Structure formats: structure tokens, C-alpha cells
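*Asks:* Protein sequences, first through last, are from chains A and B. Under numbering that gives the first Met the number 0, the first residue of the first sequence is numbered 0, with each subsequent residue one higher. Under numbering that gives the first Met the number 0, the first residue of the second sequence is numbered 0, with each subsequent residue one higher. Every residue gets a Cβ at the ideal spot worked out from N, C-alpha and C, and that includes glycine. Computed from a predicted model, the values in this text were never measured in an experiment. The structure that follows is given in the form of C-alpha cells.
There are 2 protein chains.
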Amino acid sequence: MLSKKTQYALRALSFLAARFDQGPVLIHEIAEQKKIPIKFLENILLELKNADVLDSKKGRGGGYFLKTAPNQTSLAKVMRIVEGPIALLPCVSLYFYQKCADCTEEVCSINGVFIQVRDATLKILESKTLEDIQEMRLEALDFSI
Amino acid sequence: MLSKKTQYALRALSFLAARFDQGPVLIHEIAEQKKIPIKFLENILLELKNADVLDSKKGRGGGYFLKTAPNQTSLAKVMRIVEGPIALLPCVSLYFYQKCADCTEEVCSINGVFIQVRDATLKILESKTLEDIQEMRLEALDFSI
DNA sequence: AAATAACACCACAAAATTTGTAGACTAATA
DNA sequence: TATTAGTCTACAAATTTTGTGGTGTTATTT
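The following block contains the structure:
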């Protein structure tokens with residue numbers, strides 16, 4: 000299961016994706032719209048900024064905004080920033096590899112399956128972007144009916 | 000990431016799978032071979048027994064053993080017993096569904112991707128069984144060279 | 001029947017992680 | 001220079017994970 004932190008991050012980003020190119024958005028507004036504790040959200044957005052997903056502007060008229068177009072940031076990237084490894088076992092992670100503590104087998108009989116799971120998961124999460132989880136925009140709705 | 004508990008469970012089961020039909024195996028022996036804290040392992044094995052994956056025998060000559068052939072227990076089943084949900088979001092879980100707390104969108108823009116991830120993961124974990132992660136058996140090795 | 005072996009069960013404790021908060025600081029703008 | 005809004009550090013509360021202790025129960029052996 001994804002942590003709340005990651006879920007908050009995805010929600011905030013789906014909101015910011017819908018506002019891409021419309022100027023900075025206040026943390027306060029995101030927190031309110033998405034019902035995320037504001038100080039917690041602060042930390043998350045800052046982390047995403049330090050990882051070059053977001054950018055920000057201080058002072059009046061400031062706020063957060065996507066650094067690049069929504070389709071330029073994969074969900075895998077976001078998840079690695081806020082959640083950490085995507086793989087289910089440390090010994091099978093591409094970016095957070097760790098030798099399994101106390102693995103007693105010379106040839107691990109377990110990790111093969113989890114390499115498959117990892118690859119199947121990554122195939123999706125590397126190809127999907129913020130554009131794919133972008134919140135529905137009001138102006139995109141068709142009111143002509 | 001899978002919890003240590005789940006990793007321990009998988010290791011213990013890979014060991015028991017290799018010993019299928021060879022009588023009960025002592026908790027003590029599994030703990031030693033697989034370097035798992037014995038009291039922690041007790042809890043795990045009991046849970047797997049209560050879920051009908053394992054069976055046990057008390058007293059002298061007792062121990063734990065697989066209730067059915069290794070290929071009869073899927074990894075998905077094991078993981079649901081010891082780890083809980085396989086899906087990455089509560090609102091997308093088949094066996095542990097929960098409405099997303101504070102989901103503010105009428106139509107969630109996020110869950111579609113995670114349904115895909117869930118399905119890709121389950122396709123593997125439902126089809127792979129304990130037979131697939133079974134520890135190499137010594138008698139299966141070819142010493143003729 | 002007594003002794004012993006081994007699982008069953010309950011309750012708790014330590015450790016780690018996650019989630020959330022407080023408050024001072026810095027930068028930008030009007 | 002006052003105000004606005006992000007930055008940063010540190011901490012605290014809550015929850016989950018990991019691990020332990022002790023007693024009970026059942027089966028086997030002698």
C-alpha cells in the first residue's frame with residue numbers, strides 16, 4: 000500500500016497538473032481543495048521541488064507549479080521521490096537495491112517472481128505521467144448538452 | 000516493500016515446499032535454517048495454519064507442513080494472509096477495499112492507473128505458487144559431473 | 001500415568017516508521 | 001517597510017512493525 004504521504008503527493012500533483020501554465024498555486028489552496036494537512040503538504044511539496052518536479056515562487060502572487068509539462072513527469076519518478084522503492088523486495092529494486100539480510104540460499108528461489116512483478120509494475124508506472132492522473136478541468140467539460 | 004513478516008513467511012514456505020510429503024518440520028529447524036526469530040516465526044506459521052495453508056502436528060515427531068501440494072497455494076493467497084492488500088490504493092483493492100478517505104473528486108483521476116498496476120501484479124502472483132519459489136532440493140542436484 | 005516434546009495462545013514491549021505540528025527564517029513584492 | 005508566502009529544522013504524536021515471555025494444550029514415548 001502507498002503511504003498517505005504518497006497519496007497526498009499524487010493528489011496534489013493531479014491538481015497542479017490541471018493548473019499547469021496558469022501561474023503559481025498556493026499551498027493553502029491545494030491543502031483545502033485536497034483536504035491535506037497543510038504543514039504536511041508543505042514538506043511534501045518541498046521534497047518534490049528539491050527533486051525538480053515542482054518549482055515555486057515566494058511572496059505575493061507566489062505558490063507552487065509544475066516545473067515541466069505534466070506529460071514530462073512519470074508516476075514512477077514521483078513514487079521514488081516520496082515513497083522510495085517500487086519493487087517489493089530490496090534485492091530486486093533498481094534504484095534502492097539492498098542485499099537481502101540473512102538470505103541463506105546461494106541462489107535465491109524467491110526473487111525471480113518479484114523481478115517479474117517489478118517489471119510489470121514499472122512498465123505501467125514509467126509510461127504513465129501526471130497528465131494521466133490530471134484532475135478533470137472544468138473548462139474541459141462539455142456543457143453543450 | 001513487503002514487510003519482514005511477509006519475507007519470513009515466503010522463506011519459510013519455500014523451505015516447507017521443498018520438504019513437502021516428508022513429514023512435519025520443526026519450527027526450530029526452519030528458524031535456524033532461514034535465520035528467522037523463532038517466536039516471530041511461530042506467530043507467522045500459526046497464522047498460515049489458521050488460513051489453511053499449513054497444518055501441524057503436536058508432540059514428539061510433530062512440526063509444520065504444507066496442507067496441500069506446493070502448486071496449490073498461490074503467492075497472492077499467502078501475501079493476502081500475512082501482508083494484507085496487494086493493491087497500492089485502498090479504493091482499488093479487491094479483498095480489502097476501502098473508500099478513499101477524503102477523496103474530493105467525484106470521478107477519481109488517479110485510481111485508473113493503480114487498477115492497471117493491480118491487475119498486472121495479480122496476473123503474476125495469482126498464477127505463481129509455492130512450487131515456483133520452492134527452495135532447491137539437494138537430491139535434485141546433479142552430481143554426475 | 002508420567003515425562004517429554006512441540007505447537008497454541010495471549011499479552012506485552014521495543015523499535016521503527018509514518019503522520020502531523022511549531023516556530024523561526026528568508027525571499028519577493030507592493 | 002510591511003506583508004505575503006515559501007524554507008527549514010526540530011520535534012511530537014500515532015501507528016505499525018518486529019520481537020519476546022510465559023503459560024497452556026496436545027500428542028507421543030516410555
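Between which two residues does the alpha helix (DSSP H) carrying A/TYR7 extend?
*Replies:* Counting along the chain, the alpha helix (DSSP H) containing A/TYR7 begins and ends at 3 to 17.
*Asks:* Can you tell me which of the three DSSP states B/THR120 falls into?
*Replies:* Helix, per DSSP.
*Asks:* Going by DSSP in three states, B/LYS38 sits in which element: helix, strand or coil?
*Replies:* Residue state, collapsed to three classes: helix.
*Asks:* To the nearest angstrom, report how far apart A/VAL24 and A/ARG18 are at their CA atoms.
*Replies:* The alpha-carbon atoms of A/VAL24 and A/ARG18 are separated by roughly 8 angstroms.
*Asks:* Which whole-angstrom value describes the C-beta separation of A/PHE113 and A/LEU88, a residue pair presumed to lie in contact below a C-beta threshold of 8 angstroms?
*Replies:* That belief holds up - the Cβ atoms of A/PHE113 and A/LEU88 are roughly 5 angstroms apart, short of 8 angstroms.
*Asks:* Near B/GLU98, which residues of its chain fall below 7 angstroms by C-beta distance, leaving aside the five closest residues on each side in sequence?
*Replies:* This sequence places Lys at residue 98 of chain B; Glu is not what is there. Contacts found: CYS90.
*Asks:* How would you label A/GLN71, buried or exposed, when you count the other beta carbons within 10 angstroms and need 16 or more for buried?
*Replies:* Looking at its Cβ environment, which holds fewer than 16 other Cβ atoms inside 10 Å, A/GLN71 is exposed.
*Asks:* Check whether the Cβ of B/LEU25 lies closer than 9 angstroms to any Cβ atom in chain A.
*Replies:* Judged by the 9 angstroms Cβ criterion, B/LEU25 is not in contact with chain A.
*Asks:* Could you check how far apart the C-beta atoms of A/VAL116 and B/ILE123 are, in whole angstroms? I think they sit under 8 angstroms.
*Replies:* With a Cβ gap of about 5 angstroms, A/VAL116 and B/ILE123 count as contacting.
*Asks:* Could you work out which residue in A/ASP131, A/ALA119, A/ILE109 and A/GLN133 is closest to B/ILE132 when comparing CA atoms only?
*Replies:* Nearest C-alpha to B/ILE132: A/ILE109.
*Asks:* Quick check: is the beta carbon of A/ARG10 nearer than 9 angstroms to any beta carbon in chain B?
*Replies:* Taking Cβ atoms only, chain B reaches closer than 9 angstroms to A/ARG10, which makes this a yes.
*Asks:* Can you list the residues of chain B that A/LEU88 reaches, using a CB-CB cut of under 8 angstroms?
*Replies:* What A/LEU88 touches in chain B: MET0, LEU1 and GLN6.
*Asks:* Grouping DSSP H, G and I as helix and E and B as strand, with all else coil, what is B/LYS98?
*Replies:* Here B/LYS98 sits in coil by DSSP.
*Asks:* Leaving aside the five residues before and after A/LEU121 along the sequence, list all residues of the same chain whose C-beta is less than 7 angstroms from its C-beta, in chain order.
*Replies:* Hits under 7 angstroms: ALA75 and ILE85.
*Asks:* On the three-state DSSP scale, how would you describe A/ASP131?
*Replies:* Helix.
*Asks:* Can you pull the chain B residues whose beta carbon is under 7 angstroms from the beta carbon of A/SER73, in chain order?
*Replies:* The contacting residues do not exist; A/SER73 stays about 11 angstroms from chain B at best.
*Asks:* Checking contacts by CB at 9 angstroms: is A/LYS76 closer than that to chain B?
*Replies:* For A/LYS76, the answer is no, since every Cβ of chain B falls outside 9 angstroms of its Cβ.
*Asks:* Any beta carbon from chain A within less than 9 angstroms of B/PRO69's own beta carbon?
*Replies:* It does not: the Cβ of B/PRO69 has no partner Cβ on chain A nearer than 9 angstroms.
*Asks:* Can you list, in chain order, the residues of the region 115 to 140 of chain B whose Cβ is nearer than 9 angstroms to any Cβ on chain A?
*Replies:* Those residues of the region 115 to 140 of chain B that come within reach of chain A (Cβ to Cβ, closer than 9 angstroms) are GLN115, VAL116, ALA119, THR120, LYS122, ILE123, LEU124, LYS127, ASP131, ILE132, GLN133, GLU134 and MET135.
*Asks:* Check whether the Cβ atoms of A/GLU28 and A/GLY62 sit closer than 9 angstroms, and answer yes or no.
*Replies:* Yes, these two residues count as a Cβ contact at 9 angstroms.
*Asks:* So which residues of chain A does B/LYS33 contact, with C-beta pairs closer than 7 angstroms?
*Replies:* THR103, listed in chain order.
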